[in-house]
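Okay, so here's the structure we're looking at.
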Amino acid sequence: MENKELIERAARIIMDSSYTHPVVLAKLNKGTGRIATLAELPDLRTSATVQTGSDPYVVLPATAVNAFHVGKEKALFFVASQGQDREINIIESWIKFLQKYPRMDEASDIYDVCVRGDRLYYQGIPSTADTLDLHYYRKPVAMKDNTKDGPDGIPEHLQEDLLVSFVCWDAFKEIEDDETGKTPNTDKYERLFGIALAELKTFVGLPDARPIHYEYDEGNLI
Numbered sequence: 001m002e003n004k005e006l007i008e009r010a011a012r013i014i015m016d017s018s019y020t021h022p023v024v025l026a027k028l029n030k031g032t033g034r035i036a037t038l039a040e041l042p043d044l045r046t047s048a049t050v051q052t053g054s055d056p057y058v059v060l061p062a063t064a065v066n067a068f069h070v071g072k073e074k075a076l077f078f079v080a081s082q083g084q085d086r087e088i089n090i091i092e093s094w095i096k097f098l099q100k101y102p103r104m105d106e107a108s109d110i111y112d113v114c115v116r117g118d119r120l121y122y123q124g125i126p127s128t129a130d131t132l133d134l135h136y137y138r139k140p141v142a143m144k145d146n147t148k149d150g151p152d153g154i155p156e157h158l159q160e161d162l163l164v165s166f167v168c169w170d171a172f173k174e175i176e177d178d179e180t181g182k183t184p185n186t187d188k189y190e191r192l193f194g195i196a197l198a199e200l201k202t203f204v205g206l207p208d209a210r211p212i213h214y215e216y217d218e219g220n221l222i
C-alpha cells in the first residue's frame, strides 16, 4: 500500500490541519519502526559476515548496528562459524558474558558471542581467523514523501489497520491532552492498534525458538 493512501486515510480521521502530509508520514515511519520492535517480521530478516582477528571483538557492519540500536530485543537471532561449521551461542546479557569471560582472553574455538554497542564480542579467540555468519532483523527502510513507498516489512493486508490506527492513536494523544482527562479517540485507536498487532503476530507466527544452552561446573547446573 502506498504511503500516500495511508496518509490520506489517517488525515481524514484526524481532521486537524496541523497534521500535514509530512507530519503524518513521520508518524507512519514511527509506527513502522515500533511494529518492527514488537513482532518478528520475516521480510526484515537479513544477514552479514564478519571476520575474527586477534582482538576479542569485531566492529559490526553499519546495517547491523542500525538494527541493534532501534530497541528490538533479540535482533541478532542466529550466529554460525564457517570454520567450525556450527552454530555459536548468543549471550544476550553483557553482564553474564563478562561473568563468564572476565578477561576475554581465552584462546580456543568460538563458543559464545555478545553484542555491545557497535561491536560483536566473542570467546574464545581462535588461533586461525574465522568467518562468522550473522543473521538478524534489520531496521525498516523509512518511507519518503512524494514516492510510492510502502511500509517496509509489514504484510500488505495488515498495513492499513496497523498503521492508520497507530498514527491516529499517536495524534489523538497530542490532540486530547487537556485538563478534562477524557481521551475517547486515543483509547479507541490504541485498542484498534492492539487488535491489529495481535492479528499480525498470529499471521507471522510465534518467534523461532532458540536452543537453551545449559552450563555445568563440576556436575552442578550454573
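Numbered continuously in this note's numbering, the sequence shown closes out at residue 222. C-beta atoms are modelled at their ideal positions from N, C-alpha and C, and glycine is treated no differently. None of these values were measured; they are calculated from a predicted model.
- For the 7 Å CB-CB criterion, G153 and M1 do not form a contact.
- As the crow flies, the alpha-carbon of F97 is around 16 Å from that of S108.
- Under the 10 Å beta carbon count, I125 is surrounded by 16 or more other beta carbons and is classified as buried.
- Excluding its 5 nearest sequence neighbours in each direction, E160 has C-beta neighbours in its own chain below 7 Å: M1, L6, R9, listed in chain order.
- Beta bridge pairing from DSSP links D187 with no other residue.
- Within the same chain, E176 come within 6 Å of T183 by CB-CB distance, once the 5 residues on both sides are set aside.
- The distance from the Cβ of W94 to that of R116 is about 5 Å, consistent with a contact at the 8 Å cut-off.
- When DSSP states are grouped into helix, strand and coil, I125 belongs to the strand group.
- Within the segment 11-56, complete beta strand (DSSP E) segments of at least 3 residues are found at 45-51, given in chain order.
- Linking K188 to L162 through their CA atoms gives a straight-line distance of about 13 Å.
- With fewer than 16 other Cβ atoms from the protein chains shown falling within 10 Å of its own Cβ, T128 counts as exposed.
- With a 10 Å radius around the Cβ and a threshold of 16 neighbouring Cβ atoms, R191 comes out exposed.
- Remark: C-beta atoms of Y121 and P56 approach each other more closely than 7 Å.
- About 22 Å separates the beta carbon of L44 from that of D145, a gap too long to meet the 8 Å contact definition.
- The Cβ neighbour count for M143, taken over all protein chains shown within 10 Å, is at least 16; the residue is labelled buried.
- A check of alpha carbon separations from R138 across K173, A39, E87 identifies A39 as the nearest.
- The residue among F193, F77, S165 with its C-alpha nearest the C-alpha of Y136 is F77.
- Restricting attention to beta strand (DSSP E) runs no shorter than 3 residues, the segment 96-142 encloses them at 112-116, 119-123, 131-137, ordered along the chain.
- The Cβ atoms of V204 and L132 do not sit closer than 7 Å to each other.
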